[in-house]
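Asks:
2 protein chains.
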Amino acid sequence: MNEFELIRRYFDRAPDRALLGVGDDCAMLRPNAGLELALTTDMLVEGRHFAAGADARSLGHKSLAVNLSDLAAMGAAPRWALLALGLPAADAKWVEQFAAGFFALAERHGVELIGGDTTRSPLLTISITAIGELPAGVALYRSAAQAGDDIWVSGELGGAALALRRPEIAEAKRRLDWPEPRVELGERLRGLARSAIDVSDGLAGDLAHIAERSRVGAVVEYERIPRPAVFKSLDAALARECLLSGGDDYELVFTALPSRRDAVAAAAASAGVAVTRIGRIEAGSALRFVDRDGAAVDSAFASFDHFLS
Amino acid sequence: MNEFELIRRYFDRAPDRALLGVGDDCAMLRPNAGLELALTTDMLVEGRHFAAGADARSLGHKSLAVNLSDLAAMGAAPRWALLALGLPAADAKWVEQFAAGFFALAERHGVELIGGDTTRSPLLTISITAIGELPAGVALYRSAAQAGDDIWVSGELGGAALALRRPEIAEAKRRLDWPEPRVELGERLRGLARSAIDVSDGLAGDLAHIAERSRVGAVVEYERIPRPAVFKSLDAALARECLLSGGDDYELVFTALPSRRDAVAAAAASAGVAVTRIGRIEAGSALRFVDRDGAAVDSAFASFDHFLS
């Protein structure tokens, strides 16, 4: 099967909300009047973001999920995606499984695949661009946090990072391979949260992005950070590393006025996602992790940086 | 210099026509009311689309050019781009040169870089998504050719393919490394051409895409295909292979009513690009290359297929 046949068989689905999908020089859209568009792109590379031989279906899921997570962190409703695939071989079975994982998540969130590119590459490489819509003026920017805001996080952190060290823990492995983008929560936080980011580089690093862009500081009470039950049995240093520096959880970290606590809780309940208040935004520029008594927690950590290692 | 510093130094430019550019979870756009959006994505991989050690500035140019060429083939005006880069190392000098080539072309066509992703990859990998705008209903679809249409091509074909065989020919090498997307011509062909495609896979293969999508056939007079002067001295079989199967020229092939010949010539003159009439669309489904007398030219060729070799 050649490139064109592979694409046609597995990826060429007639678009519904787009004017033109896969198969021409470009995809064509007619944006809805008055809405803004959010756009994001992420590249996943074999040996870097996943191991050679990783399950194709989970890769199809995850490569779209990390992009939908970026849309969720803006409060955008996912609409369309473009997929560039570098494949070591024209392996129809692999493509079929990848497509199954991709489309299962896409359909759950109303995402249409409208374009892409397929090429041969010695290393499996997946690059997706996702596009979402939202009403004008309500997007959740990293730069909008203010001193006094509560800091919230969805779900639990640390599971994906733990899976990299302890792949035998099924619960952690599932977090790494099948992240769940917090799309509904992101949409419900529009006009409610003040700023948001998704945890892809680790809580410390991602919170630092908010702090830097918003020109504020932040204090987080370490014990409040929600974590999987298995963390109780972990070495304290490993737990801390996973919770503060572990990427790949794709939970949302967001800030909101203390007066909106009940509304945040209601939004999270509607979205079916737990949220936990872990700290507050402060004046200044320091990012501090403290224990129950306010004493500094050892945080000699760095966030995940693709070029550090 | 780490990932965030590299991005900030070379790619983080304040957007003008976008609401939000590089540095948040997503870029944000407010589309112009009544316009349609054209979106395209292309991935370039080291060892496949360019040699290891290829000039960084020309890669910055070419990786954007191939995407702008897709926009031109729809008749869209380029507006925005997202860039995903997989880099073997955080090489600031390389990134600086790449950015110089990228932005020189981007600025010439009014393209804003609004987002991206940088990661480490053992193989240099470049994946760009480009977005253009155009008035509703005038995009040049592959599926709109009709029997009786003239077939036109811009510029000259075969140069890029020749460079792969004979890299010492400077004129050909320049065509391969510094393709010029026919952006202005594409915009001027709106409402004038009936269908269009850019020549990325070879004339035969790309014309076959139009024929297939439009459910028509085509006949091309081989000697009319415009080619660089150096082709006069080439072996006939090599010339034929480069002209019919050679990709990477990024010229436009388009069809238009014979009654619009003067208008096509005027549009091309305004855009400063030569165009040549090379054949016509026919009923049926055959794609034929003929000599001056209508006899079939040996065309035992295949278009470039990323998975054939």
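These protein sequence lines are chains S and A, in that order.
Numbered per our numbering, the first sequence spans residues 1 to 309.
Numbered per our numbering, the second sequence spans residues 1001 to 1309.
Don't be surprised by glycine CBs; every beta carbon is placed ideally from N, CA and C.
Where do the ends of the beta strand (DSSP E) carrying LEU244 (chain S) lie?
Replies: Per DSSP, LEU244 (chain S) belongs to no beta strand (DSSP E); it is in the alpha helix (DSSP H), 236-245.
Asks: For a cutoff of 8 Å on Cβ pairs, would you count ASP1042 (chain A) as touching chain S?
Replies: Judged by the 8 Å Cβ criterion, ASP1042 (chain A) is in contact with chain S.
Asks: Mind checking the region 1101-1119 of chain A against chain S and listing, in chain order, the residues whose C-beta falls within less than 8 Å of any C-beta there?
Replies: The region 1101-1119 of chain A vs chain S, Cβ under 8 Å: ILE1114, GLY1115, GLY1116, ASP1117, THR1118 and THR1119.
Asks: Identify, in the order they occur along the chain, each residue of the same chain with its Cβ nearer than 6 Å to the Cβ of ALA1275 (chain A), setting aside the five sequence neighbours on each side.
Replies: A quick correction: the sequence has Val, not Ala, at residue 1275 (chain A). Here the set comprises TRP1152, SER1154 and ALA1268.
Asks: Mind listing the chain A neighbours of THR129 (chain S)? Cutoff is C-beta to C-beta under 7 Å, in chain order.
Replies: Chain A residues near THR129 (chain S): THR1041, LEU1082 and THR1129.
Asks: Among the candidates S:THR255, S:LEU35 and S:VAL264, whose CA atom is the shortest distance from the CA of ALA147 (chain S)?
Replies: Ranking S:THR255, S:LEU35 and S:VAL264 by Cα distance to ALA147 (chain S) puts S:THR255 first.
Asks: Would you mind working out which of S:ASP177, S:ARG165, S:GLU221 and S:GLY186 sits nearest ASP291 (chain S), comparing C-alpha positions?
Replies: Of the listed residues, the one whose Cα sits closest to ASP291 (chain S) is S:GLU221.
Asks: Taking its Cβ as the centre, do 16 or more other Cβ atoms sit within 10 Å of ALA1193 (chain A), making it buried, or is it exposed?
Replies: It counts as buried.
Asks: Please report how far the alpha carbon of ALA302 (chain S) lies from the alpha carbon of GLN97 (chain S), in whole angstroms.
Replies: Residue placement at ALA302 (chain S) cannot be trusted, given a pLDDT of 42 that sits under 50; the coordinates are not used to answer.
Asks: Please go through the same chain and pick out, in chain order, the residues whose beta-carbon is closer than 8 Å to the beta-carbon of LEU207 (chain S), but skip the five residues on each side of it.
Replies: So the qualifying residues of the chain are ILE151, ILE197, ALA218, VAL220, VAL253 and LEU287.
Asks: Looking at the C-beta of SER1285 (chain A), does it have a partner C-beta in chain S at a distance below 8 Å?
Replies: Judged by the 8 Å Cβ criterion, SER1285 (chain A) is not in contact with chain S.
Asks: Is SER1121 (chain A) close to chain B? Criterion is C-beta to C-beta, closer than 8 Å.
Replies: In summary, chain B is missing from the structure at hand, where the protein chains are S and A.
Asks: With a threshold of 8 Å on Cβ separation, who are the neighbours of ALA1283 (chain A) within its own chain once the five nearest residues in sequence on each side are excluded?
Replies: The residues are ALA1147, VAL1216 and GLY1217.
Asks: Which chain A residues sit within Cβ distance under 9 Å of THR125 (chain S)?
Replies: Neighbours of THR125 (chain S) on chain A, chain order: MET1043, VAL1045, GLY1086, SER1121, LEU1123, THR1125 and SER1127.
Asks: Rounded to whole angstroms, what is the Cα-Cα separation between LEU1020 (chain A) and THR1119 (chain A)?
Replies: Each residue's Cα considered, the two are about 22 Å apart.
Asks: Can you confirm whether PRO135 (chain S), when its beta carbon is compared against all beta carbons of chain A, has any partner nearer than 8 Å?
Replies: No, PRO135 (chain S) lies away from the interface with chain A (no Cβ there is under 8 Å from its Cβ).
Asks: Is it the case that the region 225-244 of chain S contacts the region 116-131 of chain S, given that we only count it when at least three CB pairs across the two stretches are under 8 Å?
Replies: Cβ pair count under 8 Å is below three, so no.
Asks: Tell me, please, whether the region 131-138 of chain S touches the region 28-46 of chain S by the rule of three or more beta-carbon pairs shorter than 8 Å.
Replies: Flag = yes, the region 131-138 of chain S and the region 28-46 of chain S touch.
Asks: Determine whether the Cβ of PRO1015 (chain A) lies closer than 8 Å to any Cβ atom of chain S.
Replies: Not one chain S Cβ lies under 8 Å of PRO1015 (chain A).
Asks: Is TYR141 (chain S) close to chain A? Criterion is C-beta to C-beta, closer than 8 Å.
Replies: Chain A, which has a Cβ nearer than 8 Å to the Cβ of TYR141 (chain S), makes this yes.
Asks: For ILE1278 (chain A), which option in A:PHE1289, A:GLY1159 and A:GLY1272 has the closest C-alpha, if you only look at C-alpha atoms?
Replies: Considering only alpha carbons, the answer is A:PHE1289.
Asks: Note down, one range per segment and in chain order, each beta strand (DSSP E) of at least 3 residues found wholly within the region 91-141 of chain S.
Replies: 112-120 and 125-135, all fully within the region 91-141 of chain S.
Asks: Kindly list, in the order they appear in chain A, the residues whose Cβ is closer than 9 Å to that of ALA52 (chain S).
Replies: Chain A residues near ALA52 (chain S): none, gap ~12 Å exceeds 9 Å.
Asks: Taking contact to mean at least 3 C-beta pairs separated by less than 8 Å, is the region 52-67 of chain S in contact with the region 1005-1021 of chain A?
Replies: Output reads no: the region 1005-1021 of chain A does not touch the region 52-67 of chain S.
Asks: Please confirm if the region 1037-1047 of chain A is in contact with the region 1104-1117 of chain A, defined as three or more CB-CB distances below 8 Å between the two stretches.
Replies: No, the region 1037-1047 of chain A does not touch the region 1104-1117 of chain A.
Asks: Residues in its own chain within less than 7 Å of PRO181 (chain S) by CB, not counting five upstream and five downstream?
Replies: The answer, listed in chain order, is ALA65, LEU68, SER69, ALA72 and TYR250.
Asks: Which residue or residues does DSSP assign as beta-bridge partners of ILE197 (chain S)?
Replies: Partner(s): S:VAL253.
Asks: Out of S:PHE102, S:ARG213 and S:LEU157, state which residue places its alpha-carbon closest to the alpha-carbon of ASP310 (chain S).
Replies: With chain S running from 1 to 309 in the structure shown, residue 310 (chain S) is simply not present.
Asks: Starting from ASP198 (chain S), find everything on chain A with Cβ-Cβ shorter than 8 Å and list it in chain order.
Replies: ASP1025, listed in chain order.
Asks: If you measure between the beta carbons of MET1043 (chain A) and SER1127 (chain A), is that distance less than 8 Å?
Replies: Yes, Cβ-Cβ distance for MET1043 (chain A) and SER1127 (chain A) is below 8 Å.
Asks: Would a C-beta distance cut-off of 8 Å place GLY1132 (chain A) and PRO1078 (chain A) closer than the cut-off?
Replies: Going by C-beta atoms, GLY1132 (chain A) is nearer than 8 Å to PRO1078 (chain A).
Asks: Return the chain-ordered list of same chain residues with a C-beta closer than 8 Å to the C-beta of VAL1230 (chain A), the five sequence neighbours on each side being excluded.
Replies: Contacts found: LEU1162, ILE1169, GLU1171 and ALA1172.
Asks: Nearest-angstrom Cα distance between ARG1048 (chain A) and ASP149 (chain S)?
Replies: Their Cα atoms are separated by approximately 50 Å.
Asks: Please state whether the Cβ-Cβ distance between LEU185 (chain S) and ALA106 (chain S) is less than 8 Å.
Replies: Going by C-beta atoms, LEU185 (chain S) is not nearer than 8 Å to ALA106 (chain S).
Asks: What residue range is occupied by the uninterrupted beta strand (DSSP E) comprising GLU1036 (chain A)?
Replies: From DSSP, the beta strand (DSSP E) with GLU1036 (chain A) extends over 1035-1045.
Asks: How is GLU1282 (chain A) classed by DSSP in three states: helix, strand or coil?
Replies: Note: GLU1282 (chain A) maps to strand in three-state DSSP.
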